[in-house]
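Asks:
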Amino acid sequence: MEFLATLTTLLLLFSLLLICKYYYLKIHSHCYLIDYACFKPASDRQITTQTSGEIIERNKTLGLSEYKFLLKVIVNSGIGEETYGPRNIIEGREDSPTFDDAMLEMDEFLNVSVGDLFAKTKISPSDVDVLVLNISMFSPAPSLTSRIVQRHKMREDVKTYNLSGMGCSASLISVDLVRNIFKSGKKTLALVVTSESISPNWYSGNDKSMMLGNCLFRSGGCVMLLTNNPSMRARAKLSLKCLVRTHIGGNDDAYNCAIQKEDDVGRVGFHLSKGLPKAAVRAFAENLQHLAPKILPYRELALYMYRSIKQLIVKPKDASNSAMARINFKSRVDHFCLHTGGSAVIDAVGRALGLSKYDVEPARMTLHRWGNTSASSLWYVLGYMEAKRRLRKGDRVLMISFGAGFKCNSCLWEVNADLRDADVWEDCIKNYPPQTLVNPYLEKYGWVNEDTEETFNRAQRMESLRR
Amino acid sequence: MPAQPLPDFSTSVRLKYVKLGYQYLVNHFLTLLLIPMIATCVLELVRRGPEELISVYNSLDLDVIHILCSSFVIIFVLTVYYMSRPRPVYLVDYACFKPAPSCRVPFATFMEHTSMICEDPKSVQFQTRILERSGLGEETCLPPANHYIPPNPTMEAARAEAQLVIFSAIDDLIKKTGLQPKHIDILVVNCSLFSPTPSLSAMIVNKYKLRSNIKSFNLSGMGCSAGLLSIDLARDLLQVLPGSNALVISTEIITPNFYKGNRRDMLLPNCLFRMGAAAILLSNRRRDATRAKYRLLHVVRTHKGADDRAYRCVYQEEDSDGHCGISLSKDLMAIAGDALKSNITTIGPLVLPMSEQLLFFFTLVGRKLINPTLRPYIPDFKQAFEHFCIHAGGRAVIDELQKSLQLSAEHVEASRMTLHRFGNTSSSSLWYELNYIESKGRMKRGDRVWQIGFGSGFKCNSAVWKCLRTVKTPVDGPWAECIHRYPVDIPEIVKL
């Protein structure tokens, strides 16, 4: 009898051990963002209205209609005078970028930001277990992750992943990768590096759909440290609540709406088609469908179901669109980090979610100050909110990004403590939001709207600009 | 005098048996211990007799409740135990791209094209010498764009090559496994030297209309060892997503990477790299356990990037004329050997039988404490694995590894023959080699395979698989039509 009792006790203890192990796994599968550091390029890399004009003038294939198109794009883009570009473009060598130019652009970012983050967080590079990097349009061999390993002398068993070609929403893909590795339960420290390469990707032709990329993309980047170690939770800035990825590449129009390809003459450029807004809406809607049940309270979801059923009965024709607009994300989300793809994108997303001017201000101001820095833009937007002291403990931040493929990725963070590190916004946050929104480009290049094909005299106009 | 050689012979034979006896003793230690114990127990039971046993059982005073509780506890514990074990990762099947004969680049074609494209006769001579000693055969393939004189490396051509190789491999895999594209949960693509936007993974999602909540990852720039890296990533994802499968694509796109200059260290890839791709289906579903070919046991990754020399040994850069190419440094072999040693240090304890580990441990202790001049013991990996798939990076790599791991010619046959038939297909070469072993009918149930990949960075990655069912010949795959001609004897130098 005692033998049986002993055996039963032993077995029960063993099962208790297994349950403890399961619980241990659970508390170690959270994802905490310890800190992040955005990149501020050197001030001699700024692209002003003057620089833009010079760059446009150098492209001899452009005619009046292209100039009109460019002016319209630049004026409506919402981009200001302090954005940054790569050196080879500013120095006039955009037509013939070398491999070294591209590498230099990356080195300027990696050499500064990664070291800064380690210094800021007082974490040693040899503690990093996982390194994920996403730079869409430049992928040398050995990879840029190896470059970081070499420079910071990381361990031999560091797991590196170099993601490439995944577009403007790739930073959330990197976070997703890290989050999945964290779920295995082992204490892990991950470094995520996100940026974009502009140097080798300048389009030197006159296909309008490909010139958009030239106007909007700017240099920028961000590095962040993530961990699942619960003991580091106290010093972490944010904790990840959920992440949803949507890929509608199965639809041919969506796949082809943002694609890198050659134009008729064989010059490579990034083609953004007219079908892009439609693809973005579709991807966004599908993403929200999966995101809403994860973040909204049951009450809000029940209300939404009630409204859509009511709409179906009363007005069966246009049920979906207006019903979707009625989901009130603001009931559960305090701040919105929207991808700064362009002012049209920000406005459209803001309208769809029912956001106020205050809510879209961080995204608009980021677009103005930094331009479209592609995958790292979300982190500049977050930096703005932090610099403005908007992020308080317990607040929830929703990040939404779009990218080529066509993908829409979103995630929800919860703020761990009142944040007040201004980081790269420190020197200019006082000037935001600006009093005036008159576009300096319109002032300088507005003549384009007055000229017609007959009156347009290229040489004369360029001369007048230089004065 | 004639009697003298005999003692040496008999000594070595005795030593061999001692070694065998030692291995058997240590590896089956537990069995050897338990058998006498069980024998004693059985004898004791038989001696006691059945009546005594029945009386012991009655004295226990068991009733229904006790039996129910005990069985409940046992079942509960067993369930918790099984559910807490890490999910096994199965390789359901894989398919390699089989190039069309029209893409063949025999030596004559390669030399003719080279002499017409290259202005410098010294470069032509150099490439001839490389090709003579490369270990490549006459049936390796280059993509259509590289058959133009000069090659036509447009982005469209590169995408076309990607579509050709990747879609063929996936179509083959779908035919073999009955996989429905809509059921793919994870997609990992690795292609080092071509990375368009949208990525190759998006291209696959588009072509096969994969689901919108797919977890796709596109790895790039990670070199020839990236195939095992992707397997590692897929494995990590499969551990956290229950009941899912993962499609892993390993390839290298040759079209945009033809080197147009004259630097010798950059001309090597032109001579060695060839077209290839592999599509692998991994799963963690229990129902796939019966039809899966292999189970993944271990993946070990070693990154030597912290060492500057190792980082620079495979390096993409521009030469003085502005032509972009990949330079391979002269100490590539030494660095590869070093990376392998680090990798072995980690994988050894995981796979070696106890006998080898003990020997290694005692030799290490001996070297540290007693006599530092003792030769380091190189564990015998032939005891841990039946098959070896060494990345077919080039003849020198295979020779070096054969020497350092003390492998026989048969062990490296798969690697050499893959290099001969398909060239260096980068990350997918390991899968062509595995297919060779299967096509030769050598893969039996229970066999363990060690795949070793090397790549820029400098990385050395290993994967260990265990075969779950004997693979019957004939095997449908890239070797189907030519396996009967292999193995071939590859001369040191082929005179061109």
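As given, the protein sequences belong to chains S and L, one line each in that order. Just so we're aligned: 268 in the working numbering is position 288 of the first sequence, and the numbers increase by one with no gaps anywhere. Take any residue in the second sequence, count from 1 to its spot, add 7: that is its number in the working numbering. Where is the CB? At the ideal position from N, CA and C, for every residue including glycine.
Can you pull the DSSP bridge partners for S:Lys139?
Replies: S:Lys139 is bridged to S:Val110.
Asks: Below 9 Å between beta carbons: does that hold for L:Phe465 and L:Asp314?
Replies: yes
Asks: Using a Cβ-Cβ cut-off of less than 9 Å, give me the residues of the segment 254 to 278 of chain S that come near chain L, in sequence order.
Replies: Ala263, Glu266, Asn267 and His270
Asks: Using only alpha-carbon positions, find the residue among L:Ala391, L:Asp387 and L:Ser422 that is nearest to L:Val404.
Replies: The candidate whose alpha carbon is nearest that of L:Val404 is L:Ser422.
Asks: Give the residues from the segment 374 to 397 of chain S that approach chain L closer than 9 Å (Cβ to any Cβ), ordered along the chain.
Replies: Gly383, Ala384, Gly385, Phe386 and Lys387
Asks: Pick out whichever of S:Val172, S:Ala216, S:Gly185 and S:Thr41 has its Cα sitting closest to the Cα of S:Ser154.
Replies: S:Val172
Asks: Can you tell me whether DSSP reads L:Cys103 as helix, strand or coil?
Replies: strand
Asks: Going along the chain, which residues of its own chain have a beta-carbon closer than 7 Å to the beta-carbon of L:Lys267, five neighbours each way excluded?
Replies: His330
Asks: Name the chain L residues that come within less than 9 Å of S:Tyr2, Cβ to Cβ?
Replies: Val87, Met90 and Ser91
Asks: Tell me, please, whether the CB atom of S:Glu74 is closer than 9 Å to any CB atom in chain L?
Replies: no
Asks: What does DSSP give as the partner residues of L:Lys473 in its beta bridges?
Replies: L:Arg302 and L:Arg455
Asks: May I ask which residues mark the beginning and end of the beta strand (DSSP E) holding S:Phe382?
Replies: Residue range Arg376 to Gly383 is occupied by the beta strand (DSSP E) that includes S:Phe382.
Asks: If contact is defined by three or more beta carbon pairs under 8 Å, each pair taking one atom from either stretch, is the segment 131 to 151 of chain L in contact with the segment 413 to 433 of chain L?
Replies: yes
Asks: How many angstroms separate the CA atom of S:Tyr12 from the CA atom of S:Val325?
Replies: 29 Å
Asks: Do S:Leu143 and S:Val94 count as a contact pair if the criterion is CB distance below 9 Å?
Replies: Cβ atoms of S:Val94 and S:Leu143: not closer than 9 Å.
Asks: Given 8 Å as the limit, is there contact between the segment 345 to 352 of chain S and the segment 376 to 390 of chain S, that is, 3 or more CB pairs closer than that?
Replies: Touching, no, given that fewer than three Cβ pairs across the two stretches are closer than 8 Å.
Asks: Which residue's Cα is closest to the Cα of S:Asp398: S:Glu341, S:Thr416 and S:Ala216?
Replies: S:Ala216
Asks: Nearest to S:Gly200 by alpha carbon, out of S:Ser23, S:Asp339, S:Lys6 and S:Glu394?
Replies: S:Ser23
Asks: At a CB-CB cut-off below 7 Å, which residues of chain L make contact with S:Thr(-12)?
Replies: Under the 7 Å cutoff, chain L gives Ser77 and Val80.
Asks: Buried or exposed for L:Ala10, going by 16 or more other Cβ atoms inside 10 Å?
Replies: Bear in mind that the predicted position of L:Ala10 carries a pLDDT of just 41, short of 50, making it unreliable; the figure below should be weighed with that in mind. Result: exposed.
Asks: Within 10 Å of its beta-carbon, does S:Ala305 have 16 or more other beta-carbons around it, so buried, or fewer, so exposed?
Replies: The predicted model places S:Ala305 with a pLDDT of 49, which falls under 50 and marks its position as unreliable, so this point remains unresolved.
Asks: Let me know the secondary structure DSSP gives S:Cys195 once reduced to three states.
Replies: helix
Asks: Write down the C-beta distance between L:Leu207 and L:Asn220 rounded to the nearest angstrom, noting that I regard them as a contact closer than 8 Å.
Replies: About 19 Å; that fails the 8 Å criterion.
Asks: Kindly list the residues whose CB is nearer than 7 Å to the CB of S:Asn352, restricted to its own chain and excluding five residues on each side of it in sequence; keep chain order.
Replies: Leu196, Phe197, Arg198, Thr320, Gly321 and Gly322
Asks: Report the neighbours of S:His227 on chain L: residues whose CB is nearer than 7 Å to its CB, in chain order.
Replies: Val212, Ser219, Ile221 and Ser223
Asks: Could you list the residues in the segment 135 to 159 of chain S with a C-beta less than 8 Å from some C-beta on chain L, going in chain order?
Replies: Across the segment 135 to 159 of chain S, CB contacts with chain L closer than 8 Å involve Arg135, Glu136, Asp137, Val138, Lys139, Thr140, Tyr141, Asn142, Leu143, Ser144, Gly145, Met146, Gly147, Ile153, Asp156 and Leu157, in sequence order along the chain.
Asks: CA-CA distance, S:Leu84 and S:Thr31?
Replies: 20 Å
Asks: Going by Cα to Cα distance, which pick from L:Lys451, L:Lys479 and L:Tyr439 is closest to L:Lys105?
Replies: Relative to the Cα of L:Lys105, the nearest Cα in the group L:Lys451, L:Lys479 and L:Tyr439 belongs to L:Tyr439.
Asks: When the Cα atoms are used, what is the spatial distance from S:Tyr141 to L:Gly462?
Replies: Taking the straight line from one Cα to the other gives about 14 Å.
Asks: In three-state terms, what does DSSP make of L:Gln323?
Replies: strand
Asks: Where are the beta strand (DSSP E) runs, 3 residues long or more, that stay fully inside the segment 323 to 369 of chain L, in chain order?
Replies: 331 to 335
Asks: Quick check on DSSP: helix, strand or coil for L:Ala416?
Replies: Residue state, collapsed to three classes: coil.
Asks: What does L:Asp70 reach in chain S if we use C-beta pairs closer than 8 Å?
Replies: Ordered by position in chain S, no residue passes the 8 Å Cβ test against L:Asp70, which lies about 12 Å from the chain.
Asks: Quick check on the burial criterion: 16 or more other C-beta atoms within 10 angstroms. Buried or exposed for L:Arg281?
Replies: buried
Asks: Which residue wins for smallest C-alpha separation from S:Ser179, given the options S:Arg73, S:Gly334 and S:Lys310?
Replies: S:Arg73
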